[in-house]
Ligand code: SF4
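Chains as they are written, first to last, in the UniProt record's numbering: chain A, 1 to 236; chain B, 1 to 626.
See below:
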């Protein structure tokens, strides 16, 4: 059976990279006695698939993971057993079954929400001005280091929304899909904002018209209500 | 920890997962409730240290006792070291992220000579004086253990005490003593504390011993400086491993470490008696674990770690009396949980290959054998107990079972070695390659010859022998390289200069501590990694301190010479080693004492212990000890 897990990543666990997470979940599952399915073939690998990559050092309130088990189990039981085997900083928020044919997380998720908080909060008015200024620009060029030198890219189409929140934090909704990814640091530096800050990923979404669906909204209406109850990012 | 934002620091290093301390099964004991605190310091990077069984054993053995706690620390990566130095921050423990100076005891494990400069670097990063004599009462007691204490003299001035032999009982005893002294308010009288420790069985306090030298530079005597200090210190031995603590909840690292697997220690010690091998000598006698206990420990390990591989560890696992039953049972029990079984130390024989075949489901890796020498004459000299037929039967079995790649370990520069012995390596490698082509037609057999350089070690029959000079080793490597060319053949070798420094330090005396300090000051550290080893540091260090490294490494020692480690007792009798050395020159092999005939090494009667064999189908009872 296929299960989708939503979890948060905080504390010292933010320092774990993709490979470490892969090993950690596999071992947690073995400890929990949850039989993970493996691919067939010469070099079998576990049927464990993560959502979009999260940079090391960034906290997240909404990470996703798909797993395939060789047996059928109650998702609530999986949640409980698995949580007991996870190291500090990882907390399972939801576990729900998904159809065998459901598309992969990376095939459906196309937007990521972030919150940026500065150690010394900037003036909210200035922040607001800068956010508006960026959104009004027709293009925002950033340079990205690559294997054959830096490449210039226009990130403006991938900046979906920017909003100033209480305590002078900045909420961002950025493209995060197989077509392109905009990183929160790129936006912060394009806005010419200074000073040490902390980024938290607050959600991963599927854009539907004007609205946003979280992966759990899409496949498990009982969790957060029917699709009609699309929640807008700005109200979160 | 209070004022330092470690998490912020960790955002600036490349592998922060080394320093988190929140791995699964890491133990975070309450600081206030456990008044005796020790940090186990592995003087190398996390990935090396977390592959070490000794750390897992002692971490568990101490932490399961009330009133004491143990945390871990490792050498920082060069990037973290630079940050710590730049920001003037002390090196910290992983669990509570406290400076190492907050602990009562720092325990370093001496696994290899090339970590000695890293020990100094860690002391320096922790803000602790390098010299034990310069430490104040508020500094932690710095102790050392592990195979390096077979001769700890070159690092003796940096340590307050060493623990000889098995630590799982001795270390908690020491910590209990420290706790008592702390409670009595006596811990600040360092001199008194050290004298009390010197009287704990297995503990050696080097500052309480005086070394005198002869005019030719050799050691004349090592004697206690005062009354009430033992003349000779015997190693500690756990007589029966079945009664000993074993960690079945070891820490599961986040990062991929060097030996990334569960370790099941099937036995301790080795009876083969290879004449170059120090581990085979200092871990005697052989003590096997009971099969039923091992099966239970394996079950707990899998349940508590979730690891995908379980390794049957010991110095020579194929010797374990019940190895076949054990390996087959584990492979059968855990296959459907995706847990594989590995055998890291195979013998050169068909039995070992069949065993590997039985447990390996996916046969894509290399099979490794260690014939150690290229001719029968030289294999007899070193008492390897393997003949050409054994080797070819083993490799033939491997090819037939589907392995394509064979790796062979040899040692270069062994006593009495001649050119034909080296050419014997070439010949053997070629014959194995031909055999592979014959037995696995259509396949692509590959033979890798990996050659290390002989390092004479204390407590072995070859402790009197000189090491080849660096130029000679290089010549020999060149000869092998020129012959081991062609499709299917690969050749790798160890850096001659590294082996030379190892040879200097392994049989060195206290005067060498100055050279270690000088090399460290010139930047030597993390020298187990070839990218960090810098011979120039050592050349300059010897020049600066006026010490002649060849005196230690390349000198033939007199039969009656007093060695810097003669006041230590690992049970092996010096006259047994002399006898073994003579037999080596005569090309006479000495039987394995596992077969039931004691060869009189002295360990069992000397330490009041016994071989413990678990009476498998291939063993006869041990009788007739001398
Ligand atoms: S004393 Fe005898 S039986 Fe014991 S380890 Fe030595 S050789 Fe083997």
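We treat Cβ as the ideally placed atom computed from N, Cα and C, and that holds for glycine.
DSSP assignment within the region 53 to 94 of chain A yields the following whole beta strand (DSSP E) runs of 3 residues or more, N-terminal first: 59 to 68.
Excluding its 5 nearest sequence neighbours in each direction, residue 204 of chain B has C-beta neighbours in its own chain below 7 Å: 161, 162, 164, 233, 568, listed in chain order. Think of a sphere of 7 Å around the beta carbon of residue 20 of chain A: the chain B residues whose beta carbon falls inside it are 17, 254, 255, in chain order. The beta-bridge partner set that DSSP reports for residue 6 of chain A consists of A/64, A/94. Assignment of beta strand (DSSP E) within the region 203 to 252 of chain B, counting only whole runs of 3 or more residues, yields 209 to 213, 219 to 224 in chain order. Look at residue 57 of chain A: its C-beta is under 7 Å from a C-beta on chain B.
Inter-residue distance for residue 257 of chain B and residue 47 of chain B is about 4 Å (C-alpha atoms, whole angstroms). Rounded to whole angstroms, the separation of the alpha carbons of residue 143 of chain B and residue 225 of chain B is 20 Å. By the neighbour-count definition (other C-beta atoms within 10 Å, threshold 16), residue 101 of chain A is an exposed residue. Distance from the CA atom of residue 404 of chain B to the CA atom of residue 235 of chain B, rounded to whole angstroms, is 44 Å. When the beta-carbon positions are compared, residue 493 of chain B and residue 477 of chain B come within less than 7 Å of each other.
At a cut-off of 7 Å between beta carbons, residue 15 of chain A contacts chain B. Sixteen is the threshold: since fewer than 16 other Cβ atoms of the shown chains lie within 10 Å of the Cβ of residue 157 of chain A, the residue is exposed. For residue 27 of chain A, the closest Cβ of chain B is nearer than 7 Å. Relative to the ligand SF4, the beta carbon of residue 589 of chain B is positioned no closer than 6 Å to any heavy atom. Taking residue 520 of chain B as the centre and dropping the five residues before and after it, the same chain places the C-beta of 117, 120, 121 closer than 7 Å to its C-beta, in chain order. The beta-carbon distance between residue 202 of chain A and residue 113 of chain A, rounded to whole angstroms, is 5 Å. This is short enough to meet the 8 Å contact definition. If you draw a straight line from the Cα of residue 294 of chain B to the Cα of residue 587 of chain B, it comes to about 39 Å. If you ignore the 5 residues before and after residue 429 of chain B, its C-beta comes within less than 8 Å of the C-beta of 408, 447, 449, 484, 489, all in its own chain and listed in chain order. If you compare the alpha carbons of A/165, A/180, A/120 with that of residue 196 of chain A, the shortest gap goes to A/120. The beta carbon of residue 30 of chain A falls within 7 Å of a beta carbon belonging to chain B, placing the residue at that interface. Per the C-alpha coordinates, the member of B/150, B/452, B/309 positioned closest to residue 23 of chain A is B/309. Judged by DSSP in its simplified three-state form, residue 500 of chain B adopts helix.
According to the DSSP secondary-structure assignment, residue 562 of chain B is paired through a beta bridge with B/219. Note on residue 501 of chain B: 16 or more other CB atoms within 10 angstroms of its CB, so buried under the neighbour-count rule.
One alpha carbon belongs to residue 1 of chain A, the other to residue 329 of chain B, and they sit about 30 Å apart. Between the ligand SF4 and residue 537 of chain B, a heavy atom-to-CB distance of less than 6 Å is absent.
With its beta carbon less than 7 Å from one in chain A, residue 24 of chain B belongs to the interface.
Contact check between the region 265 to 282 of chain B and the region 68 to 80 of chain B: fewer than three CB pairs, one atom from each, fall below 8 Å, which does not count as touching. Annotation for residue 144 of chain A: 150, 151, 153 place their beta carbon closer than 7 Å to its own, counting only its chain and skipping 5 residues before and after. A straight-line Cα-Cα distance of about 45 Å links residue 210 of chain A and residue 252 of chain B. Cβ-Cβ distances below 7 Å link residue 350 of chain B to 393, 394, 397 in the same chain, with the five nearest sequence neighbours on each side left out; the list follows chain order.
With contacts defined by Cβ atoms closer than 7 Å, residue 91 of chain A and residue 8 of chain A form a contacting pair. In this structure residue 28 of chain A is in contact with residue 85 of chain A, their Cβ atoms being roughly 4 Å apart against a cut-off of 8 Å. Judged by beta-carbon spacing, residue 36 of chain B lies beyond the 7 Å limit of residue 193 of chain B, meaning their Cβ atoms are not closer than that value. For residue 3 of chain A, the closest of A/141, A/94, A/11 by C-alpha to C-alpha distance is A/94.
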